[in-house]
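2 protein chains.
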Amino acid sequence: MSSQPENLQARIVEGVKRVLGERAGMVLLHGPEFAGHEWAYVKECIDTAWVSSAGAYVGRFEQSLADYTGAKYAVATVNGTAALFVALQLVGVQPGDEVLIPALTFIATANAVTYCHARPHLCDVEETTLGLDAGKLGAYLREIAKIEGGQCINKRTGARIRAIVPMHTFGHAVDLEGLLAVAQEWGLVVVEDAAESLGSFYHGQHTGTFGRLGILSFNGNKIVTTGGGGAILTNDADLARHAKHITTTAKVPHAWEFYHDETGYNYRMPNINAALGVAQLEQLPGFVERKRRLARRYLDEFAGVGGVRVMTEPAGCASNYWLNTLVLDKSDKGLRDQILGALNEAKIQSRPIWQPMHKLPMYDKCPRMDLSTTDNLSGRIINVPSSAGLMAR
Amino acid sequence: MSSQPENLQARIVEGVKRVLGERAGMVLLHGPEFAGHEWAYVKECIDTAWVSSAGAYVGRFEQSLADYTGAKYAVATVNGTAALFVALQLVGVQPGDEVLIPALTFIATANAVTYCHARPHLCDVEETTLGLDAGKLGAYLREIAKIEGGQCINKRTGARIRAIVPMHTFGHAVDLEGLLAVAQEWGLVVVEDAAESLGSFYHGQHTGTFGRLGILSFNGNKIVTTGGGGAILTNDADLARHAKHITTTAKVPHAWEFYHDETGYNYRMPNINAALGVAQLEQLPGFVERKRRLARRYLDEFAGVGGVRVMTEPAGCASNYWLNTLVLDKSDKGLRDQILGALNEAKIQSRPIWQPMHKLPMYDKCPRMDLSTTDNLSGRIINVPSSAGLMAR
């Protein structure tokens, strides 16, 4: 089952080509499909001149999100980063606090913590889920943390650790059971970064609905897009009300008076973007089904091929397979970059996983645990084209 | 020329009705008009599946803004509040600094300062422009400020005063000449909040292009809308480049690598919103002309009516007359609210000016000068319907 680098590179390009079939032009990593009521709804916004924040599609979009995910409440926002920043504030993250996040994540997870003037505390991930490693985190906290006055304190820095932000990488649910237990043991709030996992379920329950709050993203590269957009999910009525209030400038309702009772944000999703979202959500079950079918093809194609595996959904979970993921056996950035070069040259848009947070200049001095799995994985991962549109309806 | 309250109320309702003519349903304070290429451009985004941040309309929108305003560079953002927050950071506003802003402004001006963890320092406005009073500000700074090590220090608080943010209220340019002189004398950076003044010129030059940076808003109630959106204007190539970089997550360009070199923001304007904006900007000169014609009607209607005046553009300026403004002679919130009630009851959407910042719980302890003109004005102002669509093309 071993293979030479050049053979592996050729085998991967050939395999991905076989999965995708003949295509004209560049096959995008992930592109949206607008085959539903997108134009009808957007046109209605334009024709009625309700394109901004006061239109009816925002409410419809929020209700559709709640219905699909099973969250009691959904609050639409201008994007996922804004949603995460607001969610962290809502659970009481304060300047100087630390927030536990995976080192292997998109930059928005760390940035949202920074916007609170809090500090990302970088944690290692599991090879199976690419998400936070609950066992390793639990052991680490026993080493560096203590409970004092009901709060979790980092004994090394003296700072309060307030929250854990698990991120469901490429649509695969993290070990929520393990992480919720760690959070409970240490009095930490869980805020789920489900930006990539709309359509992914953990033991039958939608990701993003396990934490006190969860967030979604509808950027153009996501399974469902609003152009730009995000949402906050929660089952807590007070938090939902507060989320809506501070994402809409904290204006107190009045027939004409402009009175704001706290520092709010202009993080409203415009109606025209929500209209797109309502049409997209109507097609979400179909998108998930087609993306899962595409993933099955990748899995079958590379089954038994030495040197590489295709990431599969964790046991008990149903993934949206947002981005299909090849994991090379050996950490070798030279090999990874050669394969990426060959794929992109073959007009197959492919990318590596993000640079881990501790490799970026603004986060390289953050507190962190041993990150050996992150370091080992980051040179081995290649995402390949994953749009629902690649599969027939 | 004096008038009894009840007569004045009746006269105002009658006058506004005469200006507006017969209308079915509620006449909005300000609604957009989509009579140009909005459909075509937005449909193109949907048909080509380029709705998000990578599409070509964003660049076109930025170029059109630069062309119209005469700014060398325009950077589109997710809204005006985000643009102002980023602009303040770009000119070096740091936590603990103070920023001089009008007490009479929309909440976003103050909030953007707060997001920097800096402190709004509230200044009084002029009755003529409703914007910052340069003369009063100059006198106040001579009293409370000193220059130390090239920086302007508030002698009372010890904090550095870093910037002045003039806001062009309802589309009327502030006394820029006076304010730029004060800024120069005290080493302060000027960042113009031109959220309301796209289409307004000060001595022939577009508002928002006098400060180191200026910002615009394209919210649904503005002269031109993108659903939600904003922009940063500047003549400085480095600042423009930096503005683009940090509003697009500070990602360093690479064929596939995800490397970010500083803490950036997800403040991109989506392509679908920019498409709307491109179509709207094509119609901007017509919108301005029609809005100015409507303003002329209000001015004529209320000329010589005792107890109220219609705000007119400052000498040497050409205003977009974003919101037409009635200024009552006497500060009397009872009278103002009665008139607002009568107008809204007559299906004429009208509103007062915002609560001044020092009347809001989060800003009532901010440093401030004497705010007597602000206090006096805030009970006397009524905005009346001002959409371009109220006038024939």
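Chains as they are written, first to last, in the working numbering: chain X, 48 to 440; chain Z, 48 to 440.
Just so you know, even glycine gets a beta-carbon here, dropped at the ideal spot from N, CA and C.
Bear in mind that the values here come from a model prediction, so they are computed numbers and not experimental data.
Separation of residue j from residue i, as counted between CA atoms
i                     : j                     : result
residue 193 (chain X) : residue 208 (chain X) : 10 Å
residue 143 (chain Z) : residue 167 (chain Z) : 10 Å
residue 48 (chain Z)  : residue 375 (chain Z) : Note on residue 48 (chain Z): pLDDT 43, under 50, position unreliable in the model; the coordinate value appears next. Rounded to the nearest angstrom, the two C-alpha atoms are 13 Å apart.
residue 264 (chain Z) : residue 131 (chain Z) : 10 Å
residue 379 (chain X) : residue 242 (chain Z) : 51 Å
residue 363 (chain X) : residue 340 (chain X) : 18 Å
residue 373 (chain Z) : residue 428 (chain Z) : 6 Å
residue 313 (chain X) : residue 227 (chain Z) : 29 Å
residue 154 (chain Z) : residue 307 (chain X) : 8 Å
residue 136 (chain Z) : residue 258 (chain Z) : 14 Å
residue 149 (chain X) : residue 129 (chain X) : 19 Å
residue 186 (chain X) : residue 161 (chain X) : 26 Å
residue 359 (chain X) : residue 253 (chain Z) : 57 Å
residue 405 (chain X) : residue 174 (chain X) : 18 Å
residue 353 (chain X) : residue 61 (chain X)  : 14 Å
Beta carbon of residue i nearer than 8 Å to that of residue j
i                     : j                     : result
residue 277 (chain Z) : residue 127 (chain Z) : yes
residue 182 (chain Z) : residue 225 (chain Z) : yes
residue 221 (chain Z) : residue 176 (chain Z) : yes
residue 256 (chain Z) : residue 116 (chain Z) : yes
residue 357 (chain X) : residue 371 (chain X) : yes
residue 390 (chain Z) : residue 63 (chain Z)  : yes
residue 229 (chain X) : residue 188 (chain X) : yes
residue 401 (chain Z) : residue 76 (chain Z)  : no
residue 108 (chain X) : residue 290 (chain X) : no
residue 410 (chain X) : residue 157 (chain X) : yes
residue 125 (chain X) : residue 316 (chain X) : yes
residue 114 (chain Z) : residue 421 (chain Z) : no
residue 247 (chain Z) : residue 123 (chain Z) : no
residue 399 (chain X) : residue 233 (chain Z) : no
residue 319 (chain X) : residue 323 (chain Z) : yes
residue 299 (chain Z) : residue 93 (chain X)  : no
Local Cβ density within 10 Å of residue i, reported as buried at 16 or more and exposed below that
i                     : result
residue 309 (chain Z) : exposed
residue 423 (chain X) : exposed
residue 121 (chain X) : buried
residue 231 (chain Z) : exposed
residue 119 (chain Z) : exposed
residue 436 (chain X) : buried
residue 53 (chain Z)  : exposed
residue 141 (chain Z) : exposed
residue 440 (chain Z) : exposed
residue 347 (chain Z) : exposed
residue 425 (chain X) : buried
residue 65 (chain X)  : exposed
residue 377 (chain X) : exposed
residue 240 (chain X) : buried
residue 95 (chain Z)  : exposed
residue 337 (chain Z) : buried
residue 285 (chain X) : exposed
residue 288 (chain Z) : exposed
residue 73 (chain X)  : exposed
residue 180 (chain Z) : buried
Per-residue DSSP class, three states only, for residue i
i                     : result
residue 411 (chain X) : coil
residue 92 (chain X)  : helix
residue 49 (chain Z)  : In this prediction, residue 49 (chain Z) scores a pLDDT of 47, lower than 50, which makes its location untrustworthy; no coordinate-derived value is stated.
residue 149 (chain Z) : strand
residue 177 (chain Z) : coil
residue 171 (chain X) : coil
residue 345 (chain Z) : helix
residue 320 (chain Z) : helix
residue 444 (chain Z) : The structure shown has nothing for residue 444 (chain Z), since chain Z only spans 48 to 440.
Quick one: which residues of the segment 306 to 338 of chain Z get their C-beta closer than 9 Å to a C-beta of chain X? List them in chain order.
If you check each beta-carbon in the segment 306 to 338 of chain Z against every beta-carbon of chain X, the ones closer than 9 Å belong to 306, 307, 308, 309, 310, 311, 312, 313, 314, 315, 316, 317, 318, 319, 320, 323.
Check: Using a beta-carbon distance cut-off of less than 7 Å, what residues from the segment 130 to 160 of chain Z approach chain X?
Finding: Within the segment 130 to 160 of chain Z, those residues whose Cβ lies closer than 7 Å to any Cβ of chain X are, in chain order, 154, 155, 158.
* Can you list, in chain order, the residues of the segment 92 to 110 of chain Z whose Cβ is nearer than 9 Å to any Cβ on chain X? -> 92, 93, 94, 96, 97, 98, 99, 100, 101, 102
* Asked: Residues in the segment 281 to 307 of chain X with C-beta within 9 Å of chain Z's C-beta atoms, listed in sequence order?
  -> Listed by position along the chain: 296, 297, 298, 302, 303, 304, 305, 306, 307.
What are the residues in the segment 386 to 403 of chain X lying within 9 Å of chain Z by C-beta distance? The segment 386 to 403 of chain X vs chain Z, Cβ under 9 Å: 387, 388, 391, 396, 397, 398, 399, 400, 401, 402.
Chain Z contacts from the segment 67 to 89 of chain X (Cβ-Cβ distance under 8 Å)
78, 79, 80, 81, 85, 86, 89
Using a Cβ-Cβ cut-off of less than 8 Å, list which residues of the segment 349 to 369 of chain Z approach chain X; keep chain order. Those would be none; no residue qualifies.
_Contacting positions in the segment 52 to 65 of chain Z - beta carbon closer than 9 Å to chain X_ = none
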